[in-house]
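K.L.:
Sharing a structure below in structure tokens format, with a few things to ask.
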Amino acid sequence: MDFYLACIMWAVLGTLVAALISCFLPGLHVYNVMGFVVLLYLPMMDVIEPFHMLMFLAGMVTGFGILFTISTIYYSAPDDTTAFYFMPGQKYLMDGRGHEAAMITGIGALIGIFTLVSILPFSMGFLALLRELVSPHTHWIIGSILAFLLISEWPREYGRSKIQLFNISKEHRAQLDKGEIPDVIIKGLADRKRKLGDAKVTKPRSHEWEIKDGRRTYIVHEISAKGAEPGYEFMVLCVLPGWKRIAEAYKSKAAGWLTFGLASWLGMLIFYKTIVPVDRAFQTLMPVFVGLFAVSAIILALISKVKIPPQHLSKSTDIKGVRIAQGGGSGFLSGIFAAFVPAVTPGVSGALGGNATGIRDDKVFIMSMGTNRVVYYVGALALFLLPLLHLRRGGMAINVNLFFVPQTLEQYLLITAAIAICGFIAFIILIYASKFVAKLVERVTYQTLNLFVLVLIFSIIFLMTGIQGIALMLVATAIGLVPVMWNSRRLNLLAVILVPIWLNMAGIGSDIASLLGLV
Amino acid sequence: MTEGEAPVKSGKILDTTGKFIVTGLVILIIMLIASPYVGLAAFISGIAIFFVFCGIAIFKSGFKDKSDGISCLSCGKPLKAQSKCTVCGASQVTRVTEVQLIAVASILLLVGAAYLGAASHFSETKISLVSELRESDNFRQIRIVGKVIEAADYYPEKYDPTGTIRLLVNDGTGDIYVRIIPSVCSELIEEKLIPGFGDTIDSEGALFVGDGGYMQIKVRDRDLFRIIDTEVRNVSITDLVPAARDAFEVGDKIAVEGQIQGKFEIEGFAWILDLGDQEGRQLSIFIPDAVTALTGNLNMETLYLSQVRVTGGLEWYESGHSWEIIPASVDDIEVLSPYVGDTYTILTVAQILANASAYQNGYVQLNNVTCAWHYADYLFSVTDSTTKLEISVFVDYDANVSTGFKVGDRMSVRGWVTFYDKNNNNIPDEGEWEIKIRALSSDYALTEADMRGGA
Chain G
0 MDFYLACIMW AVLGTLVAAL ISCFLPGLHV YNVMGFVVLL YLPMMDVIEP FHMLMFLAGM
60 VTGFGILFTI STIYYSAPDD TTAFYFMPGQ KYLMDGRGHE AAMITGIGAL IGIFTLVSIL
120 PFSMGFLALL RELVSPHTHW IIGSILAFLL ISEWPREYGR SKIQLFNISK EHRAQLDKGE
180 IPDVIIKGLA DRKRKLGDAK VTKPRSHEWE IKDGRRTYIV HEISAKGAEP GYEFMVLCVL
240 PGWKRIAEAY KSKAAGWLTF GLASWLGMLI FYKTIVPVDR AFQTLMPVFV GLFAVSAIIL
300 ALISKVKIPP QHLSKSTDIK GVRIAQGGGS GFLSGIFAAF VPAVTPGVSG ALGGNATGIR
360 DDKVFIMSMG TNRVVYYVGA LALFLLPLLH LRRGGMAINV NLFFVPQTLE QYLLITAAIA
420 ICGFIAFIIL IYASKFVAKL VERVTYQTLN LFVLVLIFSI IFLMTGIQGI ALMLVATAIG
480 LVPVMWNSRR LNLLAVILVP IWLNMAGIGS DIASLLGLV
Chain V
0 MTEGEAPVKS GKILDTTGKF IVTGLVILII MLIASPYVGL AAFISGIAIF FVFCGIAIFK
60 SGFKDKSDGI SCLSCGKPLK AQSKCTVCGA SQVTRVTEVQ LIAVASILLL VGAAYLGAAS
120 HFSETKISLV SELRESDNFR QIRIVGKVIE AADYYPEKYD PTGTIRLLVN DGTGDIYVRI
180 IPSVCSELIE EKLIPGFGDT IDSEGALFVG DGGYMQIKVR DRDLFRIIDT EVRNVSITDL
240 VPAARDAFEV GDKIAVEGQI QGKFEIEGFA WILDLGDQEG RQLSIFIPDA VTALTGNLNM
300 ETLYLSQVRV TGGLEWYESG HSWEIIPASV DDIEVLSPYV GDTYTILTVA QILANASAYQ
360 NGYVQLNNVT CAWHYADYLF SVTDSTTKLE ISVFVDYDAN VSTGFKVGDR MSVRGWVTFY
420 DKNNNNIPDE GEWEIKIRAL SSDYALTEAD MRGGA
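These protein sequence lines map, in sequence, to chains G and V. Just so you know, we're using numbering that gives the first Met the number 0 here: the first sequence kicks off at 0 and counts up by one. Just so you know, we're using numbering that gives the first Met the number 0 here: the second sequence kicks off at 0 and counts up by one.
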């Protein structure tokens with residue numbers, strides 16, 4: 000029993016380390032931290048039992064899975080898995096509800112842990128069978144996912160001829176009905192450098208008002224009561240003339256495809272060339288992911304000049320049972336899909352899951368991503384240790400396989416115990432750490448905070464991967480800025496790993512690399 | 000916050016409920032971290048204390064987050080409607096509270112404890128066969144039960160009184176090295192439980208497969224290493240000394256009684272002791288330095304010439320075509336009766352040589368003999384007025400003998416009569432009789448001058 004207790008002790012220590020990093024060293028990806036820990040551990044294998052180190056990593060992954068939301072929401076430093084609820088999270092933060100967003104993610108994470116510890120132990124046989132069935136088909140499954148990513152990057156603008164400018168509340172209906180232009184619209188347009196001249200308001204349709212000033216036509220569109228967010232019931236749109244309509248409509252799609260192409264090229268480059276120093280080759284992905292997701296988000300935050308409003312530390316969360324079930328269910332399905340299929344990460348699986356289960360609500364989306372992320376990271380570890388399966392997936396298996404090979408049911412049950420206990424501890428820490436960081440970020444300006452995080456990230460990347468890593472990160476940042484600047488989906492950035500793995504699984508990776516002059 | 004906007008009601012990081020829950024959590028974490036050192040009780044009490052603190056938190060006022068109708072529960076901004084915030088759209092009625100979430104999350108603690116209990120039911124690792132291990136098993140947790148077939152290697156740590164033990168083990172299907180790491184080794188040293196040649200061990204650890212089929216398991220946990228009790232067979236020197244290779248099994252655990260009649264140290268390698276009986280049969284006891292490094296130094300002053308019982312593994316010494324014993328510990332050489340001195344028969348050189356075999360393994364004393372040949376202070380011959388023949392004298396290291404004497408010097412000799420078999424085939428004609436002056440005994444070979452100083 001002493002061995003078991005020592006296992007739990009190591010796991011709890013791992014969770015505490017994850018908590019510290021998530022709260023005070025934003026921007027670090029869990030697998031990079033894990034790589035660093037393993038690097039330190041290998042010379043000490045005689046001193047620390049490998050299984051204890053595995054428990055430490057399990058605690059750390061569980062802690063990261065739950066607590067990394069702090070880094071994403073408060074420090075705008077997401078990783079490849081949290082980047083997709085970054086924007087809704089930021090919306091909550093700007094509403095003074097950063098803590099509530101963290102708690103919604105936390106609830107999702109809690110559901111993820113519950114499902115992992117209650118479902119996986121009883122699905123060994125089924126999952127082993129599923130792997131046998133899926134393995135020969137992985138290449139075309141990934142190919143289909145890539146096709147989905149490209150096809151679903153549809154033209155963004157409303158009706159293809161109108162672009163959405165901003166939203167206003169329904170309080171202004173009376174003014175519009177009287178033919179007056181509300182001040183909020185004049186101010187909103189002025190903020191976007193559009194001056195209204197001699198404009199007139201008409202109501203050609205029951206749910207729309209038109210404002211024409213001779214040069215441009217603006218439409219105030221009433222969103223259906225069911226889909227409207229309180230305070231944002233009316234949408235102000237600008238009607239575009241002629242060819243501009245097509246250009247605007249396809250701008251985001253072109254940016255999305257460009258992002259996809261550039262990320263694919265970067266992925267092929269890092270898969271076939273060792274850019275970072277050879278002794279740090281296992282950290283190659285770190286500057287790439289940090290550049291694509293964290294640095295680009297921080298740059299956006301720096302140039303956007305936003306101010307974090309005072310945060311309200313709510314003691315309850317606005318979420319209903321049905322939404323919890325919807326978000327948790329969708330998150331679990333997409334998370335386990337990501338944990339099971341190579342190259343698929345929570346971002347991609349979240350998009351697939353969201354489409355499959357019809358998630359539209361920000362709240363449910365944030366929660367589903369919380370579940371998805373935990374199920375992906377912690378599930379990858381659990382599936383790696385699951386008897387009859389021992390699925391090797393991602394950075395977790397690569398790092399752990401350097402010193403440990405799983406085999407027994409006892410090991411799996413111990414890991415499951417650690418996941419449950421550390422999940423509980425991480426969740427409680429999340430509640431209070433989120434409140435603490437919410438108060439912390441209020442006291443410094445958003446720009447100062449982001450600048451600090453940016454300097455921190457540069458230092459860490461330089462320390463871990465040298466000047467070559469910085470160069471790689473800058474290239475990745477430039478690519479990461481494309482979807483941010485042109486309002487396309489960041490999901491396309493994941494082509495950085497999806498495309499090389501897909502090409503390799505299809506058996507044409509080296510041919511394409513040679514075509515690109517990489518080998 | 001824009002000008003004129005109503006202030007946000009922000010809330011506290013730690014209210015009364017929070018203080019209790021965080022205190023409970025801190026105690027729980029401390030107890031969980033301390034539990035490997037304190038025991039299962041710390042683990043269970045940690046969980047119990049946390050629940051007690053949660054209980055207190057629930058019964059304290061203020062844990063409920065009910066709308067005051069003034070500010071929104073989600074964003075803290077002033078409310079215009081009772082059920083839904085007009086600014087953020089959050090419902091003020093259907094909400095999940097922190098305490099409810101903590102209560103639900105607490106189930107995970109119990110689930111974790113249940114899985115720990117379940118793990119203990121599957122704790123036994125299956126025994127593997129060495130012949131079935133493959134490179135693909137690298138890093139797997141492997142359990143091997145087999146016999147130690149070579150004397151243990153020991154690599155001491157530079158600054159700590161411990162080190163690494165390496166054993167070659169055969170399980171009947173193949174050989175594998177078992178490496179015991181310093182922390183486990185220090186426990187074994189403390190428990191005086193050192194595995195030795197011939198011991199059957201049950202060990203478990205991660206497998207490392209190297210080049211050329213080299214395989215090793217690394218034992219990192221004291222509980223994963225066990226020496227299986229093996230029956231020790233009592234045999235006599237008479238049984239062993241003439242015995243052929245097939246008479247015994249290599250690695251058999253045996254116990255033999257006899258007298259330590261010789262000692263020889265190969266510096267940095269081993270001690271070799273001669274265990275003999277009164278009939279002159281001798282058996283080697285091979286004590287590698289690893290054994291003394293792990294179990295303590297040999298007390299030669301006590302052991303030499305004492306009657307002892309030696310327990311160890313039987314090894315066939317190929318060059319000498321004889322059996323030897325390798326003990327696991329210096330404590331396996333147990334003194335039955337210490338050496339108290341011998342009774343010497345006073346004879347002349349002629350008397351001895353006339354009927355040498357009658358005095359073989361007996362103790363004789365020669366007075367007023369002359370050094371007839373001198374190779375070194377440890378090998379010379381003596382004669383006396385009774386004969387022109389000489390008898391060799393061979394001196395043990397550290398024996399009581401004069402130094403710097405030369406041919407013609409008169410001296411007195413007393414020692415043990417033995418036959419030096421040149422070809423090691425026990426044929427008297429091909430060897431010669433000699434008197435052996437044993438260290439740490441009442442034997443001596445002293446010149447007249449030294450005799451006057453007292454033997």
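Ideal Cβ placement from N, Cα and C applies to all residues, glycine included.
Check residue 256 (chain V) in the structure and name its three-state DSSP category.
P.N.:
strand
K.L.:
Among residues of its own chain, excluding the 5 on either side of residue 264 (chain G), which ones have a beta-carbon nearer than 8 Å to its beta-carbon?
P.N.:
515
K.L.:
Would you say residue 186 (chain G) reaches chain V, if we count a Cβ-Cβ gap shorter than 8 Å as a contact?
P.N.:
no
K.L.:
Short check: CB of residue 503 (chain V) to CB of residue 326 (chain V), under 8 Å?
P.N.:
This structure leaves residue 503 (chain V) out entirely; chain V is present only between 0 and 454.
K.L.:
Does chain V have any CB closer than 8 Å to the CB of residue 230 (chain G)?
P.N.:
yes
K.L.:
Taking contact to mean at least 3 C-beta pairs separated by less than 8 Å, is the segment 290-300 of chain V in contact with the segment 188-196 of chain V?
P.N.:
When C-beta atoms of the segment 290-300 of chain V are compared with those of the segment 188-196 of chain V, three or more pairs fall below 8 Å, so the two segments count as touching.
K.L.:
Among V:69, V:303, V:408, V:389, which has the Cα closest to the Cα of residue 257 (chain V)?
P.N.:
V:303
K.L.:
Using DSSP's beta-bridge definition, name the partner residues of residue 331 (chain G).
P.N.:
Answer by DSSP bridge pairing: none, since residue 331 (chain G) is not bridged.
K.L.:
Starting from residue 184 (chain V), find everything on chain G with Cβ-Cβ shorter than 8 Å and list it in chain order.
P.N.:
Result: empty, since nearest Cβ-Cβ is about 10 Å, beyond 8 Å.
K.L.:
Would you kindly check if the distance between the Cβ of residue 302 (chain G) and the Cβ of residue 61 (chain G) is under 8 Å?
P.N.:
no
K.L.:
Who pairs with residue 161 (chain G) in a beta bridge, going by DSSP?
P.N.:
G:238
K.L.:
Shortest alpha-carbon distance to residue 441 (chain G) belongs to which of G:381, G:360, G:98?
P.N.:
G:98
K.L.:
Which whole-angstrom value describes the C-beta separation of residue 63 (chain G) and residue 17 (chain G), a residue pair presumed to lie in contact below a C-beta threshold of 8 Å?
P.N.:
5 Å
K.L.:
What does the alpha-carbon distance come out to for the pair residue 296 (chain G) and residue 480 (chain G)?
P.N.:
Approximately 8 Å between the Cα atoms of the pair.
K.L.:
Could you have a look at residue 273 (chain V) and say whether DSSP puts it in helix, strand or coil?
P.N.:
strand
K.L.:
Against chain V, with Cβ distances strictly below 8 Å, would residue 109 (chain G) count as a contact?
P.N.:
yes
K.L.:
For the segment 124-160 of chain V, list the beta strand (DSSP E) runs that are entirely contained and at least 3 residues long, ordered along the chain.
P.N.:
Counting only runs of 3 or more, we get 140-147, 152-155.
K.L.:
So, does the segment 352-360 of chain G touch the segment 410-427 of chain G, judging by three or more C-beta pairs under 8 Å?
P.N.:
Contact check between the segment 352-360 of chain G and the segment 410-427 of chain G: fewer than three CB pairs, one atom from each, fall below 8 Å, which does not count as touching.
K.L.:
Report the three-state DSSP secondary structure of residue 220 (chain G) (helix, strand or coil).
P.N.:
strand
K.L.:
Taking contact to mean at least 3 C-beta pairs separated by less than 8 Å, is the segment 137-152 of chain V in contact with the segment 112-127 of chain V?
P.N.:
yes
K.L.:
Anything in chain G within Cβ reach of residue 169 (chain V), meaning under 8 Å, just list it in chain order.
P.N.:
For residue 169 (chain V), there are no C-beta contacts with chain G under 8 Å, since the nearest C-beta of that chain is about 24 Å from it.
K.L.:
By DSSP, does residue 415 (chain G) sit in helix, in strand, or in coil?
P.N.:
helix
K.L.:
Taking residue 199 (chain V) as the reference, which of V:312, V:320, V:391 has the closest Cα?
P.N.:
The candidate whose alpha carbon is nearest that of residue 199 (chain V) is V:312.
K.L.:
Please classify residue 172 (chain V): does DSSP put it in a helix, a strand, or coil?
P.N.:
Reduced to three states, the DSSP call for residue 172 (chain V) is coil.
K.L.:
Against chain G, with Cβ distances strictly below 8 Å, would residue 237 (chain V) count as a contact?
P.N.:
no
K.L.:
Are residue 12 (chain V) and residue 53 (chain V) touching if we call contact CB-CB under 8 Å?
P.N.:
no
K.L.:
At which residues does the beta strand (DSSP E) containing residue 201 (chain V) begin and terminate?
P.N.:
Residue range 199-208 is occupied by the beta strand (DSSP E) that includes residue 201 (chain V).
K.L.:
Taking C-alpha atoms, which residue in G:15, G:70, G:254, G:122 lies nearest to residue 27 (chain V)?
P.N.:
G:15
K.L.:
Looking at the secondary structure, which residues open and close the alpha helix (DSSP H) in which residue 98 (chain G) lies?
P.N.:
Segment 97-118, the alpha helix (DSSP H) holding residue 98 (chain G).
K.L.:
Mind the definition here: the segment 468-486 of chain G touches the segment 332-340 of chain G only if three or more C-beta pairs lie below 8 Å; say whether that holds.
P.N.:
no
K.L.:
Tell me whether the beta-carbon of residue 37 (chain G) lies closer than 8 Å to the beta-carbon of residue 59 (chain G).
P.N.:
no
K.L.:
I want to know whether the segment 106-122 of chain V touches the segment 150-169 of chain V - three or more CB-CB distances under 8 Å.
P.N.:
no
K.L.:
Roughly how many whole angstroms lie between the Cα atoms of residue 496 (chain G) and residue 321 (chain G)?
P.N.:
Approximately 35 Å, taken between the alpha carbons.
K.L.:
Quick one: does the C-beta of residue 308 (chain V) sit closer than 7 Å to a heavy atom of the ligand ZN?
P.N.:
As for the ligand ZN, it is missing from this structure, which has no ligand bound.
K.L.:
What first and last residue would you give for the beta strand (DSSP E) that runs through residue 443 (chain V)?
P.N.:
Here the beta strand (DSSP E) through residue 443 (chain V) covers 443-446.
K.L.:
Does the structure place the segment 86-97 of chain G close enough to the segment 39-53 of chain G that three or more beta carbon pairs sit under 8 Å?
P.N.:
no
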